[in-house]
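With the working numbering applied, the sequence shown covers 104 to 379. In this text, a Cβ means the ideal position worked out from N, Cα and C, and glycines have one as well.
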Amino acid sequence: MNSFHSWVGGKKLLREEVVRRFPPGCRRYVEVFGGGGWVLFHKNPGGDEEVYNDFNGLLVNLYRCVREKPDLLIRALEFVLNAREDFDRIRRILGAGPRATAVQRAAWFYQIICQSYGSGLTSFAGRPADMWAKFPLIRQAHHRLRRGVIEHQDFGRLIPHYDRPDTFFYLDPPYHETEGYYQNIGEAGFTEADHIRLRDLLLAPDFQGKFLLSYNDDGFIRGLYDAPGIWMEPVTRLNNMRQRYEPNCQFAELFIANYDIRNRLERQCTLFDSIS
Ligand SMILES: C[S@@+](CC[C@H](N)C(=O)[O-])C[C@H]1O[C@@H](n2cnc3c(N)ncnc32)[C@H](O)[C@@H]1O
């Protein structure tokens, strides 16, 4: 299924590639940098325990309201206007940390996501946005999230908390040198030191789980994870930001994992070949 909202850096176009590289046999799935949850919503719900996490408090509040109070949220969104004046006013209110109910804050934040240019939360998109068309998506997400845990933690606290031999972490951090996109309302920012802090946690000798990271294919990131037992696989996807000017322009992504991520089909063929 689809997410109920777009998000900067969302993995809509890469989600199938990510899911195909999941390791078998894990009992707990933790999405550390949840954002729009495109991989979480796409994966088979299966029987594993699922954890969605993000450090953006307004985003996490929205997810909790979708899970706990979808009807109230939809009601609050029914009379929203797609107007620049409202967008600017609500952005100012949210930026000031308003004293409002959780549902009201969630509705305001959802409006800003849906009506901002590229879901970047900063400028009014000025294009048609049918809020009512989103309501079925909110209801689907409500059902999908019912069994899951929603966390609001920095990755440095979350990962040790859930780390076990049967935990699988999917991590989609802000990309190197695009961290500025995540210094917006509700967000704390991300720095080079955070990329290093993440690497130190995932490559620590006492790390027990399995992890799959998606990053931009970048020399600094390759250098961080150049270590024994770590698999890297470059992949490309359509660069949707540039399609208007450069049709078919590709974006270079990098998968990094602490288990063999060559796709299953390839591995099955190798096994078959060795038998015949
Ligand atoms: C690239 S986006 C994730 C996109 C997501 N995979 C999707 O498909 O929509 C990165 C996310 O990391 C979150 N984030 C930034 N710093 C964080 C931190 N220290 N701990 C946890 N999450 C953080 C941001 O709020 C943002 O939503």
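- Not one heavy atom of ligand 1 sits closer than 7 Å to the Cβ of F107.
- In this structure, D269 has its beta carbon at no less than 7 Å from each heavy atom of ligand 1.
- Distances from the CB of V252 to the heavy atoms of ligand 1 are all 7 Å or more.
- Within the segment 114-148, the complete beta strand (DSSP E) runs of at least 3 residues fall at 131-134.
- Excluding its 5 nearest sequence neighbours in each direction, L117 has C-beta neighbours in its own chain below 7 Å: S317, R340 and E356, listed in chain order.
- When rounded, the separation of the alpha-carbon atoms in L304 and E152 is 22 Å.
- In this structure, Q218 sits near F190, with a CB-CB distance shorter than 8 Å.
- Between the beta-carbon of N185 and that of A232 there is about 5 Å, and that keeps the pair under the 8 Å contact cut.
- Note on geometry: alpha-carbon atoms of A330 and A296 lie some 19 Å from one another.
- Under the criterion of beta carbons closer than 8 Å, F271 and K313 qualify as touching, at roughly 5 Å.
- Secondary structure of V111 (DSSP, three-state): coil.
- In this structure, A244 and F136 do not form a Cβ contact; the two beta carbons are roughly 18 Å apart against a cut-off of 8 Å.
- Here V169 is actually not in contact with L224; their C-beta atoms are around 18 Å apart, not less than 8 Å.
- Straight through space, the alpha carbons of N105 and G332 are spaced by roughly 34 Å.
- As for any beta strand (DSSP E) of minimum length 3 sitting wholly inside the segment 297-345, the runs are 313-319 and 334-341, ordered along the chain.
- Only residues of its own chain outside the window of five on either side were considered, and among them H279 have a CB closer than 6 Å to the CB of F323, listed in chain order.
- Relative to ligand 1, even the nearest heavy atom lies 7 Å or more away from the CB of F314.
- About 11 Å separates the Cβ atoms of Y166 and E134, ruling out a contact at the 8 Å cut-off.
- Shortest Cα-Cα distance from T294 to any of P308, P277, S109 and A307 involves P277.
- In its chain, beyond the 5 residues on either side, F271, K313 and Y362 have a beta carbon closer than 7 Å to the beta carbon of P126.
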